[in-house]
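What follows is one structure encoded as structure tokens, with my remarks underneath.
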Amino acid sequence: MGYSKFQYVLLTVMAEIGYLYPLYYLIAVGLETPSMAIIPIWIVAIIAISSVLVNKILYNKKMRILTKIIVYALIVGAIILWLVWLPLLFSLEDGLKSLLQKWNLVLLVLWIWTRTMLITRKIPNYSVAVSRFELGLALIFIIFLLDSLLATSISNGIFSLILFFLCSAGTLSLTKWEEERLASSWSGLVFAAIVLIPLALTVSLLLPFMKHVAGIIYKIATPVLIFARDILARILIFLFKRTNLIRDRGTSLPAVNNTQDSLTYKAGVMPMWLEYIFRIIGWAIIGVILIIVALLILYLIKKILLKLLKVENANQKGKHVEENFTSWLKSILNSFREYLVKVGVFILIFLPHKISVFESYNALLYWGAFRKYPREKQETPYEYCQRLSKHFPQQKINLKVITDCYVAYKYGNKNPGQETYKQLKNSLRELYLSGLLKLC
0 MGYSKFQYVL LTVMAEIGYL YPLYYLIAVG LETPSMAIIP IWIVAIIAIS
50 SVLVNKILYN KKMRILTKII VYALIVGAII LWLVWLPLLF SLEDGLKSLL
100 QKWNLVLLVL WIWTRTMLIT RKIPNYSVAV SRFELGLALI FIIFLLDSLL
150 ATSISNGIFS LILFFLCSAG TLSLTKWEEE RLASSWSGLV FAAIVLIPLA
200 LTVSLLLPFM KHVAGIIYKI ATPVLIFARD ILARILIFLF KRTNLIRDRG
250 TSLPAVNNTQ DSLTYKAGVM PMWLEYIFRI IGWAIIGVIL IIVALLILYL
300 IKKILLKLLK VENANQKGKH VEENFTSWLK SILNSFREYL VKVGVFILIF
350 LPHKISVFES YNALLYWGAF RKYPREKQET PYEYCQRLSK HFPQQKINLK
400 VITDCYVAYK YGNKNPGQET YKQLKNSLRE LYLSGLLKLC
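Position 253 of the sequence shown, counting from 1, maps to 252 under numbering that gives the first Met the number 0, and the rest follow consecutively.
Written out as structure tokens, the structure is:
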């Protein structure tokens with residue numbers, strides 16, 4: 000890994016910490032984590048820098064086996080931590096909160112390591128850097144909105160914002176745009192200075208307005224939350240009384256007392272873990288509203304950046320194509336749907352579930368696209384199989400099994416037997432596992 004790529008990885012990871020740490024802090028405060036247990040941002044920065052240095056060393060092909068060992072060790076360690084901490088869920092009255100407090104930090108560290116490993120092995124791309132910058136701006140807006148909603152004070156919030164802007168500007172200056180580097184490595188920092196000062200003034204002026212918006216969202220969501228909580232509580236208490244999960248205090252109908260901090264009923268006392276479930280449902284409702292706001296902000300940021308950077312569509316011979324919010328949102332939703340389909344196919348492969356021939360071939364197409372060799376429109380299944388076999392000779396047998404079964408079923412109307420289905424699933428598992436190991 001060259002020096003410029005090392006800079007890119009380091010700046011990208013530090014830019015993501017700029018909005019990940021405030022999010023971690025908000026979750027920790029929401030879970031009532033003791034202040035001594037919340038790690039400061041400088042420790043998180045040290046973890047990120049150490050992770051980048053370690054991955055720089057492991058990037059050498061000779062160290063690839065050590066990379067796999069570390070990845071497996073992290074997976075095994077996470078499973079062990081889960082098994083060790085899982086009894087807390089049932090042994091303590093607030094077991095769910097204790098479990099989430101611990102996993103909040105673990106997920107932050109795992110995210111830093113995983114992202115560092117993936118970015119180290121991915122060629123820098125200007126469009127990806129711009130998209131990450133846009134998404135980070137939207138997330139920072141949502142974090143400040145949540146901060147106002149929860150009436151908390153984000154630790155090192157301004158420092159995180161400055162860190163995000165400077166590091167994002169650095170990634171923009173180090174990446175390629177239209178196959179040419181930007182004129183100067185300092186252009187990103189100049190761009191950040193131009194944007195950062197007006198943004199700081201804007202945030203300071205709009206902060207009271209953001210608090211007002213947060214209050215409106217809370218007032219809108221609270222009645223819905225209380226109504227949904229009461230309906231679900233009555234249903235669940237009726238069901239759980241049958242299993243003695245709720246201590247019986249009488250035979251009268253449930254009557255809600257909303258003046259107390261915890262949900263208390265004449266017919267029973269709700270367990271703490273059930274109350275946390277209701278709170279999660281309520282915050283999910285608020286989260287949907289925040290996602291809608293984030294999409295609107297992200298769209299506005301995208302339009303502003305397109306105007307500032309004068310990005311042109313290469314497919315339209317230099318003519319800028321206007322994009323309305325509806326088409327942009329539809330493209331976002333389609334991309335998200337395709338991503339969910341791919342994740343569903345990946346999960347389906349490793350579940351004890353019978354996978355059809357068409358699903359198996361679609362999984363092969365997703366795998367080929369993931370490995371940067373998508374199927375072309377004019378290619379037949381066998382031509383595509385031959386092309387993949389040239390690039391991945393070690394997977395030649397698996398590719399042939401899936402292709403032969405698909406062609407025989409679609410064009411020859413031959414139904415595969417039980418052993419063929421097992422062979423299909425085994426071939427797909429080997430393909431996808433090879434793709435995961437390639438990332439390591």
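C-beta atoms are modelled at their ideal positions from N, C-alpha and C, and glycine is treated no differently.
Closer than 9 Å to chain D by CB, residue i
i	result
Tyr420	As a matter of chain content, chain D is missing from the structure shown, which is built from one protein chain.
Whether residue i touches residue j by CB criterion (9 Å)
i	j	result
Leu19	Trp110	yes
Pro380	Val344	no
Val43	Leu107	yes
Leu80	Lys101	yes
Ala36	Ala47	no
Leu440	Trp84	Residue coverage of the chain in this structure runs from 0 to 439, which leaves residue 440 outside it and unanswerable.
Leu138	Leu22	yes
Arg370	Phe391	yes
Gln393	Ser433	yes
Beta-carbon separation (whole angstroms), residue i vs residue j, contact threshold 8 Å
i	j	result
Leu430	Ser359	Contact doesn't hold; Cβ gap of about 10 Å is too wide.
Tyr365	Arg386	The pair is not a contact, with the Cβ atoms about 16 Å apart (cut-off 8 Å).
Val12	Arg114	6 Å
Leu57	Leu65	6 Å
Leu10	Thr170	5 Å
Phe132	Lys55	Their Cβ separation, rounded to whole angstroms, is 23 Å, which puts Phe132 and Lys55 out of contact at 8 Å.
From the options, residue whose alpha carbon lies closest to that of residue i
i	options	result
Val129	Phe163, Asn103, Ser97, Phe158	Phe163
Leu363	Lys353, Tyr383, His352	Tyr383
Leu423	Cys404, Leu432, Ile16	Cys404
Gly416	Phe335, Tyr381, Val356	Val356
Thr32	Asn397, Leu9, Leu160, Lys96	Lys96
Gly17	Ala168, Gly76, His390	Ala168
Tyr24	Pro39, Glu15, Phe132	Pro39
Ile348	Asn361, Leu117, Phe391	Asn361
Trp112	Val8, Tyr338, Glu375, Leu80	Val8
Pro351	Lys421, Leu107, Ser334, Phe369	Lys421
Glu378	Thr402, Asn397, Pro392	Thr402
Gly286	Ile142, Leu160, Pro21	Ile142
Ala368	Arg131, Tyr338, Tyr410	Tyr338
Leu136	Lys376, Gly411, Glu15	Glu15
Helix, strand or coil at residue i according to DSSP, with G and I counted as helix
i	result
Phe357	helix
Pro351	coil
Gln377	coil
Glu429	helix
Leu30	coil
Ala14	helix
Tyr372	coil
Arg114	helix
Ile37	coil
Leu181	Any reading at Leu181 needs caution, since the residue's pLDDT is 41, under 50, leaving its predicted position unreliable; the model's value is listed next. Reduced to three states, the DSSP call for Leu181 is coil.
Arg131	helix
Arg336	helix
Lys421	helix
The alpha helix (DSSP H) enclosing residue i, as first and last residue numbers
i	result
His390	380-390
Lys413	Looking at the DSSP string, Lys413 is not in any alpha helix (DSSP H), and its letter there is neither H nor E.
Ile46	40-57
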